[in-house]
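Student: Residue numbers (our numbering), protein chains in the order written: chain G, 3 to 85; chain R, 6 to 445.
1. Any beta-carbon of chain R closer than 8 Å to the one on residue 70/G?
2. In terms of residues, what are the limits of the alpha helix (DSSP H) holding residue 315/R?
3. Going by alpha carbons, who is nearest to residue 154/R out of 128/R, 115/R, 301/R?
4. Would you say residue 87/G lies against chain R (beta-carbon separation less than 8 Å)?
5. Going by other Cβ atoms of all chains shown within 10 Å of its Cβ, with 16 needed for buried, is residue 85/G buried or exposed?
6. When the distance is taken between beta carbons, is residue 428/R closer than 8 Å to residue 406/R?
7. Would a check of beta-carbon distances place residue 293/R closer than 8 Å to chain B?
8. Within the same chain, show all residues whose beta-carbon is closer than 7 Å to that of residue 98/R, passing over the 5 residues directly before and after it, in chain order.
9. So, is the C-beta of residue 52/G closer than 8 Å to a C-beta in chain R?
10. Whole angstroms is fine: what's the gap from residue 332/R's alpha carbon to residue 90/R's?
11. What separation, rounded to the nearest whole angstrom, lies between the Cα atoms of residue 144/R and residue 14/G?
12. Consult DSSP for residue 366/R and reduce its assignment to one of helix, strand or coil.
13. In three-state terms, what does DSSP make of residue 32/G?
14. Among all the DSSP beta bridges, which residues are the ones paired with residue 64/R?
15. Measuring only between beta-carbons, confirm whether residue 96/R sits less than 8 Å from chain G.
16. Using a C-beta cutoff of 8 Å, does residue 438/R count as contacting chain G?
17. Tell me which residues share the same chain as residue 72/R and place their Cβ nearer than 6 Å to its Cβ, disregarding the 5 neighbours each side in the sequence.
18. Hey, is residue 93/R's beta-carbon within less than 8 Å of any beta-carbon in chain G?
19. Would you tell me roughly how many angstroms separate the C-alpha atoms of residue 1/R and residue 186/R, rounded to the nearest one?
20. Mind checking if residue 287/R is an interface residue toward chain G, Cβ cutoff 8 Å exclusive?
21. For the region 29-47 of chain R against the region 319-331 of chain R, do three or more pairs of beta-carbon atoms, one drawn from each stretch, fall closer than 8 Å, so that the two count as touching?
22. With 8 Å as the threshold, decide whether the Cβ of residue 389/R is near any Cβ in chain G.
23. At the 8 Å Cβ level, is residue 83/G part of the contact set with chain R, yes or no?
24. Just to confirm before moving on: does the CB-CB distance between residue 101/R and residue 119/R stay below 8 Å?
25. Consult DSSP for residue 136/R and reduce its assignment to one of helix, strand or coil.
26. Please report how far the alpha carbon of residue 381/R lies from the alpha carbon of residue 344/R, in whole angstroms.
27. Name, please, each residue of chain G whose Cβ falls closer than 8 Å to the Cβ of residue 164/R.
28. Judging by CA-CA distance, which residue of 109/R, 389/R, 312/R is the nearest neighbour of residue 71/G?
29. In whole angstroms, what separates the C-alpha of residue 150/R from that of residue 117/R?
30. Since residue 200/R contacts residue 419/R with CB under 8 Å, what's their CB separation in whole angstroms?
31. Among 346/R, 36/R, 339/R, which residue has its Cα nearest to the Cα of residue 278/R?
32. Considering only the beta carbon of each residue, do residue 274/R and residue 377/R sit closer than 8 Å?
33. Between residue 252/R and residue 292/R, how many whole angstroms is the CB-CB distance? I'm expecting something under 8 Å.
34. Expressed to the nearest angstrom, what Euclidean distance is found between the alpha-carbon atoms of residue 213/R and residue 162/R?
35. Given that residue 45/R touches chain G, what residues does it touch there, using C-beta distances under 9 Å?
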């Protein structure tokens with residue numbers, strides 16, 4: 003019922019569309035990663051371009067805009083907590 | 006969610022849904038259930054927290070669970086005159102103590118003096134409950150004496166939290182009254198909430214500031230604005246929480262009424278009713294974080310751990326709310342108190358809301374109210390309608406809702422006042438806006 007965006011659905015669409023080629027990204031990281039890890043000037047000066055091409059985040063999502071699940075179904079699950 | 010009531014009677018010890026009784030027996034039952042959930046959460050998650058192996062964003066740090074459990078225990082202890090509550094508080098406290106004073110916590114206090122009070126929150130609460138630890142106190146004192154102990158910059162409600170923790174420390178001198186006083190004025194309690202555009206974080210800042218300011222056992226402070234003004238805004242924020250089915254935040258907002266010791270408003274009484282019936286049907290007060298699809302993919306311990314990690318917080322909020330009600334003896338009325346709203350007001354506003362095609366839980370509950378009770382929450386409905394219109398940037402609709410509120414005598418509220426201000430700002434800026442220029 004929420005009017006908020008469901009981010010999970012958007013992410014799933016992006017993944018289903020193959021908009022991000024994780025295999026290709028992984029291949030590049032596998033190639034340059036070891037040298038970067040040992041480089042004297044890693045991080046922001048990556049390749050001397052001063053640009054980030056890939057960011058890897060772990061995002062803590064407290065409430066992603068999804069609605070509360072159906073109450074009756076939750077009630078059946080809650081019984082497991084009482085046992 | 007056609008009717009909240011259908012399965013309510015099936016839940017253990019459910020209240021009389023038609024009479025909607027929230028007597029002490031019912032409130033104690035709800036509080037005990039929150040404490041039972043706390044016991045399970047501590048047993049399963051306090052040692053290592055929770056990390057969903059397949060959903061990297063779904064994790065819970067043990068420190069958070071431990072601190073929040075201790076806070077619940079402290080709240081619940083105020084209803085300790087009920088033996089079943091007292092017994093559970095003791096049992097959970099004993100299970101929590103080793104985690105609250107674990108090596109991990111000691112190391113955190115030593116390594117991060119700016120977070121010392123945060124790491125020590127459970128220890129401080131347990132000491133207040135009668136579980137002191139002089140060794141831990143000494144470690145905390147050393148860290149609070151470090152040069153860097155006050156190095157973290159915090160928003161006002163977090164300053165209040167720090168001072169609340171400090172004032173609860175064993176052997177602490179007077180709390181930092183001057184700093185707290187300034188923080189109270191700078192907090193969300195000291196200024197109007199944006200009732201048409203506030204975020205969860207804004208309301209969270211309000212609820213937490215109030216919890217720390219209103220701890221009557223320590224250093225109760227005067228609120229920076231009159232209680233009725235604060236509660237009027239709280240009611241509009243509560244209306245938004247209910248419409249979003251955000252019961253975690255809604256439960257925290259509801260704490261405002263018992264904490265400031267004022268009679269329940271019609272909107273607050275209605276909101277309590279919704280939360281109680283949602284809890285009866287779901288078996289716990291739910292949050293969107295508990296996903297059935299994920300749950301159904303799990304078995305055994307993984308399933309129970311997921312359920313506890315995603316559900317414990319909202320369950321705790323309901324427990325704290327019931328504890329506060331029991332403590333101050335301000336039981337929510339079984340009938341929605343009457344207001345000055347004219348007869349038929351609610352049903353003038355309702356079509357505007359139903360036209361949105363949404364059917365949150367409160368809508369089913371509304372249908373179970375008697376006519377005068379429905380009219381009593383007409384202002385509550387108006388606040389929901391105003392917020393929805395602004396959320397959708399439907400300014401013409403906002404104007405219409407406000408005009409209706411005015412015609413019904415409901416415009417004397419902070420939400421309506423802020424809506425009028427918004428329309429005035431837009432009208433003043435209209436010549437500069439490209440949309441207006443395009444029309445002309």
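All residues carry an ideal CB built from backbone N, CA and C; glycine is no exception. If you're wondering where the values come from, they're calculated on a predicted model, not measured in any experiment.
Tutor: To lay it out plainly:
1. The residue you call residue 70/G lines up with position 68 of the first chain. Closer than 8 Å to the CB of residue 70/G there is at least one CB belonging to chain R.
2. In the second chain, the residue the question calls residue 315/R occupies position 310. Element bounds for residue 315/R: 305-333.
3. Start at 1 with the first residue of the second chain, and residue 154/R comes out as number 149. Comparing alpha-carbon positions, the option among 128/R, 115/R, 301/R lying closest to residue 154/R turns out to be 115/R.
4. Past the edges of chain G, shown from 3 to 85, lies residue 87/G, and the structure says nothing about it.
5. Position 83 of the first chain, counted from the start, is the residue given in the question as residue 85/G. Residue 85/G comes out exposed.
6. Counted from its first residue, the second chain places residue 406/R at position 401. Counted from its first residue, the second chain places residue 428/R at position 423. Residue 406/R is not a Cβ neighbour of residue 428/R, given a cutoff of 8 Å.
7. This model lacks chain B altogether, as its protein chains are G and R.
8. Translated into the one-based positions of the second chain, residue 98/R becomes position 93. Around residue 98/R: 78, 131, 134, 136.
9. The residue you call residue 52/G lines up with position 50 of the first chain. Here residue 52/G scores only 48 on pLDDT, less than 50, and its place in the model should not be relied on; the value that follows carries that caveat. No, residue 52/G lies away from the interface with chain R (no Cβ there is under 8 Å from its Cβ).
10. Locating residue 332/R in the second chain gives position 327, counting from the first residue. Locating residue 90/R in the second chain gives position 85, counting from the first residue. C-alpha separation (whole angstroms): 12 Å.
11. Counting from one through the second chain, the residue named residue 144/R turns up at place 139. Counting from one through the first chain, the residue named residue 14/G turns up at place 12. The alpha-carbon atoms of residue 144/R and residue 14/G are separated by roughly 48 Å.
12. Sequence index remark: in the second chain, residue 366/R carries index 361 (1-based). Three-state result, residue 366/R: helix.
13. The residue given as residue 32/G occupies position 30 in the first chain. Residue 32/G: helix per DSSP, three-state reduction.
14. Translated into the one-based positions of the second chain, residue 64/R becomes position 59. Bridge pairing for residue 64/R: 56/R [DSSP].
15. Translated into the one-based positions of the second chain, residue 96/R becomes position 91. Judged by the 8 Å Cβ criterion, residue 96/R is not in contact with chain G.
16. For the purposes of this step, residue 438/R is identified with residue 433 of the second chain, where counting begins at 1. Taking Cβ atoms only, chain G never reaches closer than 8 Å to residue 438/R, which makes this a no.
17. For the purposes of this step, residue 72/R is taken as the residue at position 67 of the second chain. So the list reads 126, 127, once near-sequence residues are dropped.
18. For the purposes of this step, residue 93/R is taken as residue 88 along the second chain, with counting starting at 1. The Cβ of residue 93/R sits no closer than 8 Å to any Cβ of chain G.
19. Only positions 6 to 445 of chain R appear in this structure, which leaves residue 1/R out of reach.
20. In the second chain, residue 287/R corresponds to position 282, counting from 1. Chain G, which has a Cβ nearer than 8 Å to the Cβ of residue 287/R, makes this yes.
21. As far as the Cβ criterion goes, the region 29-47 of chain R touches the region 319-331 of chain R, which means the pair count is three or higher.
22. In the second chain, residue 389/R corresponds to position 384, counting from 1. False, the Cβ-Cβ gap to chain G never drops below 8 Å.
23. Along the first chain, read from residue 1 onward, the residue named residue 83/G stands at position 81. Closer than 8 Å to the CB of residue 83/G there is at least one CB belonging to chain R.
24. The residue labelled residue 101/R in the question sits at position 96 within the second chain. The residue labelled residue 119/R in the question sits at position 114 within the second chain. Against a cut-off of 8 Å, the Cβ pair of residue 119/R and residue 101/R comes out as no contact.
25. Here residue 136/R corresponds to residue number 131 of the second chain, with the count starting at 1. Note: residue 136/R maps to coil in three-state DSSP.
26. As a first step, residue 381/R is located in the second chain; it is residue number 376 there, counting from the start. As a first step, residue 344/R is located in the second chain; it is residue number 339 there, counting from the start. Computed Cα separation, rounded: 5 Å.
27. Looking up residue 164/R in the second chain gives position 159. Contact annotation for residue 164/R against chain G: no contact, minimum CB-CB distance about 22 Å [criterion: below 8 Å].
28. The count along the first chain starts at 1 and reaches residue 71/G at position 69. Nearest C-alpha to residue 71/G: 312/R.
29. Numbered from its first residue, the second chain carries residue 150/R at position 145. Numbered from its first residue, the second chain carries residue 117/R at position 112. The alpha-carbon of residue 150/R is positioned some 12 Å away from that of residue 117/R.
30. Within the second chain, numbered from 1, the residue matching residue 200/R stands at position 195. Within the second chain, numbered from 1, the residue matching residue 419/R stands at position 414. Contact between residue 200/R and residue 419/R holds: their C-beta atoms lie close to 6 Å from each other, under 8 Å.
31. Taking the first residue of the second chain as position 1, residue 278/R is located at position 273. Answer by Cα proximity: 339/R.
32. Counting from 1 along the second chain, the entry for residue 274/R is found at position 269. Counting from 1 along the second chain, the entry for residue 377/R is found at position 372. Taking 8 Å as the cut-off, the Cβ atoms of residue 274/R and residue 377/R do not count as close.
33. Here residue 252/R refers to the residue found at position 247 when the second chain is read from its first residue. Here residue 292/R refers to the residue found at position 287 when the second chain is read from its first residue. With a Cβ gap of about 7 Å, residue 252/R and residue 292/R count as contacting.
34. Position 208 of the second chain, counted from the first residue, corresponds to residue 213/R. Position 157 of the second chain, counted from the first residue, corresponds to residue 162/R. The straight-line gap from Cα to Cα measures roughly 6 Å.
35. The residue given as residue 45/R occupies position 40 in the second chain. Simply 83.
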